[in-house]
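Below: one structure, written as structure tokens.
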Amino acid sequence: MLLAVVRKGKKPGKENTVTSSIFGPLSLFPGTYIAEDLWRLILTILKKKGMKISATLEGLSPNGVVVQLWPNIADKGRCEPDLFLKFYLNDELVSSVIIEIKWENGSQMIDKETGRYQLADQWQCIDDCDKQLSFHIYLGDRKGISVIEDMMYHIKMAEVDNYRFDVKHWAARISALTWYEFSKYLKEVKQDNYLKLWRDNVIEFLNKTGGIHVFSGFLGAVPTEIINDITTDKQLFWHRPEFKGFRHNANIFECYSKLNFPLFWHKRSGFRRSLCHNPKISLRTQLRLFWVESNVKL
Amino acid sequence: MVTEREAGTSIFNASLVIAKTAKEIEAMMEELQDTLQSSLGEEGLVKLNVGIKLSDEEEAYRNDPMNWLCQAYLYQYKLIKNGRSPFGYLGIQVCLGDEDLHAVGIDEAVVHVMFAESEWGVDQFGLPPMAMVDTCGSTLHVHLEADKLWRLIWESEESDPETAWVFSVPLAGLNTVDDLKNQIVHPVAALLKDTPVDQALSKGDKIMRFSGDAESCRRIIAE
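Protein chains in written order, with this note's numbering: chain E, 1 to 298; chain P, 1001 to 1223.
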């Protein structure tokens, strides 16, 4: 939010707020601290998206990174990608990544008046020699792949050549990334150091704001307390302290009982039925019929 | 009789379970689309990267009569191999539960995996499968193959017969990416390649088995 307000004004809009919330903290870290971890994340994304990575880039360990939100990268006029990452090794630029971010329905990629594409304009602003080191990511929903495919098709078919770069080369260096994939790759990439807390918070942020949650199966969909009650032998009337004898003043007269059965062990209908429709299954698996929350006090 | 507290807890928990399940279903569908795309793309069954697209037609779903709960939802995908026109449609219907399922011996949430050449073909399926003759004189035949796959054949005087197939998997049996591959993706790929049904579904050990036909359909539960 901080950078969204600083760069985009008092009312920055949801997309800019999300961009700032997620990537803003990266721009506040010293570049030397996070360069390697951030590069490992980017490398994972690029490889997962099927981009060809040279052996040099693969083995790279950058020791500097500059993270810029909405920088103006045009020589003349304005061209502001949402995020621009520049990786350095001993002060020499070794790779850069432009990331265009769309949240929810943001997919207005073409200026209808001029017929120019936002992504193509961004790529054009990169120096020709730097293009060999650069990558382009469109981070948004599933429509991203179609957006890029349609854009490439129209640019190739256009009668007027608006762009002075090799479109085929660009096509091999641009990829659509969904928020789901971003969250998944974040989770997969091991981050031990400075980025770990950022990563954990971003995953939670995406979960809470966009419902973006990495698939983990349906066994966790049933509330844990129900599972616990099913899979363990907890019963409602089972938590009595074991009977040891009678107390008289400070003295305990021990009196052991050989029996330690639960007091209420009868089958009941009701709540249980909504968990397990088939009574035969419960008999077979010997599930307890009388479970309630484990924190019930008697 | 249940106690008031038991009834209240039951409703409360059911609502929590549905909400969590819905979130997991959405995540599962993201994962499934990616896995289908990469697997079918690599096998040349659909275009690489862009061969599976969520259909932009209207949503297909079934609510309870009071509109409180979405009992079944259909994800429809276009399968594209060449150009921009689909050669078929894949339907993934997530059915959380209804009386019809109960009638065929199913008491758990299921996923129906369907393929048809036309879009309308994938939004018609439910259990028990219905053989019928419609008002235009078209006939729908249904039969079961290898205890697992329902084959649906539409015959009409006006056009060539169209076939579709469906198999079903318990939703709660899909908990990992490997489950998605073994129970859905590999069987779909094999069936699209016209592999014999018993071979195509051999890895899908969780795929539901049935006995009978359209009218006498019952689920077979392995002991």
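Every residue gets a Cβ at the ideal spot worked out from N, C-alpha and C, and that includes glycine.
Taking residue i as the query, report the chain E residues whose CB atoms sit under 7 Å from its CB, ordered along the chain.
i	result
LYS1023(P)	GLY211 and HIS213
GLU1031(P)	PHE215
LEU1090(P)	Under the 7 Å cutoff, chain E gives no residues; its nearest Cβ is about 15 Å from LEU1090(P).
Along chain E, in chain order, which residues have C-beta atoms closer than 8 Å to that of residue i?
i	result
LEU1174(P)	GLY217 and PHE218
GLU1026(P)	GLY211 and HIS213
List, in chain order, every chain P residue whose beta-carbon is nearer than 7 Å to that of residue i.
i	result
ARG142(E)	LEU1054
GLU149(E)	VAL1050
TYR117(E)	None at all; the shortest Cβ gap to chain P is about 18 Å.
Quick check on the burial criterion: 16 or more other C-beta atoms within 10 angstroms. Buried or exposed for residue i?
i	result
VAL6(E)	exposed
ARG240(E)	Annotation note: pLDDT 42 at ARG240(E) (below 50); position unreliable, coordinate value reported separately. Exposed, by the Cβ-count rule.
GLN1076(P)	buried
CYS1136(P)	exposed
HIS1102(P)	exposed
HIS154(E)	exposed
MET1001(P)	exposed
CYS1217(P)	buried
CYS129(E)	exposed
GLU204(E)	exposed
ASN1182(P)	buried
TRP1154(P)	buried
GLY1212(P)	exposed
PHE135(E)	buried
PHE261(E)	Reliability of the predicted coordinates at PHE261(E) is poor, the pLDDT of 39 falling under 50, and the value obtained from them is presented with this limitation in mind. With fewer than 16 other Cβ atoms within 10 Å, it is exposed.
GLY1173(P)	buried
MET1028(P)	buried
MET157(E)	exposed
Is residue i helix, strand or coil when you go by DSSP?
i	result
MET33(E)	Looking at the sequence shown, residue 33(E) is not Met but Tyr. Residue state, collapsed to three classes: helix.
ASP200(E)	helix
GLU242(E)	At GLU242(E) the pLDDT is 47, less than 50, meaning the model places this residue with poor confidence and gives no usable figure here.
GLU1145(P)	strand
SER216(E)	coil
LYS48(E)	helix
CYS79(E)	coil
LYS1193(P)	coil
TRP1165(P)	strand
ILE1221(P)	coil
ALA1116(P)	strand
ARG1004(P)	The residue you asked about is not Arg; residue 1004(P) is Glu in the sequence shown. Residue state, collapsed to three classes: helix.
PRO71(E)	coil
VAL222(E)	coil
PHE1125(P)	coil
PRO1065(P)	coil
LEU1201(P)	coil
GLY300(E)	The question about residue 300(E) has no answer here: the residues shown for chain E are numbered 1 through 298.
LYS131(E)	helix
THR114(E)	coil
SER146(E)	helix
THR1176(P)	coil
VAL1111(P)	strand
CYS1095(P)	strand
LEU60(E)	coil
SER27(E)	helix
LYS1081(P)	coil
VAL18(E)	helix
ILE126(E)	coil
ALA1131(P)	coil
ALA1072(P)	strand
LYS86(E)	strand
ILE1106(P)	coil
TRP39(E)	helix
Is the closest heavy atom of the ligand COA to the C-beta of residue i under 7 Å?
i	result
PRO62(E)	Looking for the ligand COA in the displayed structure turns up nothing, as the structure carries no ligands at all.
For residue i, which residues in chain P fall below 9 Å Cβ to Cβ?
i	result
ALA171(E)	Those within 9 Å of ALA171(E) in chain P number zero; the least Cβ separation is about 11 Å.
TYR163(E)	Those do not exist, as TYR163(E) stays about 22 Å from chain P at its closest Cβ, beyond 9 Å.
Going along chain P, which residues have a C-beta under 8 Å from residue i?
i	result
ILE145(E)	ASN1049 and VAL1050
TYR194(E)	Those do not exist, as TYR194(E) stays about 28 Å from chain P at its closest Cβ, beyond 8 Å.
What does residue i reach in chain E if we use C-beta pairs closer than 9 Å?
i	result
LYS1020(P)	PHE218, GLY220, ALA221, VAL222 and PRO223
LEU1171(P)	PHE218
Residue ranges of each beta strand (DSSP E) run of no fewer than 3 residues wholly in the segment 1010-1062 of chain P, ordered along the chain?
Scanning the segment 1010-1062 of chain P from its first residue to its last, the whole beta strand (DSSP E) runs of 3-plus residues come out as 1052-1054.
Taking contact to mean at least 3 C-beta pairs separated by less than 8 Å, is the segment 182-201 of chain E in contact with the segment 144-164 of chain E?
Taking 8 Å as the limit for Cβ pairs, the verdict is that the segment 144-164 of chain E does not touch the segment 182-201 of chain E.
Contained beta strand (DSSP E) runs [length at least 3] in the segment 148-214 of chain E, N- to C-terminal order:
The segment 148-214 of chain E contains these whole beta strand (DSSP E) runs: 174-178.
Give a yes or no on contact between the segment 170-184 of chain E and the segment 30-42 of chain E, applying the rule of three or more CB pairs nearer than 8 Å.
Put simply, the segment 170-184 of chain E does not touch the segment 30-42 of chain E. Fewer than three CB pairs are less than 8 Å apart.
At least three beta-carbon pairs within less than 8 Å, the segment 200-220 of chain E to the segment 51-64 of chain E:
No, they do not touch.
Just checking, does the segment 1068-1085 of chain P make contact with the segment 1037-1054 of chain P on the three C-beta pairs under 8 Å criterion?
Yes: at least three Cβ pairs fall under 8 Å.
Quick check: the segment 93-106 of chain E against the segment 13-20 of chain E, are at least 3 beta-carbon pairs closer than 8 Å?
Enough Cβ pairs lie closer than 8 Å, so yes.
So, do the segment 1199-1217 of chain P and the segment 1167-1175 of chain P have three or more beta carbon pairs nearer to each other than 8 Å?
Segments in contact, yes.
Does the count of Cβ pairs from the segment 1110-1122 of chain P and the segment 1088-1098 of chain P closer than 8 Å reach three?
Touching, yes.
Touch check for the segment 1176-1196 of chain P and the segment 1038-1049 of chain P: three-plus C-beta pairs under 8 Å?
The answer is yes - the segment 1038-1049 of chain P touches the segment 1176-1196 of chain P, with three or more Cβ pairs under 8 Å.
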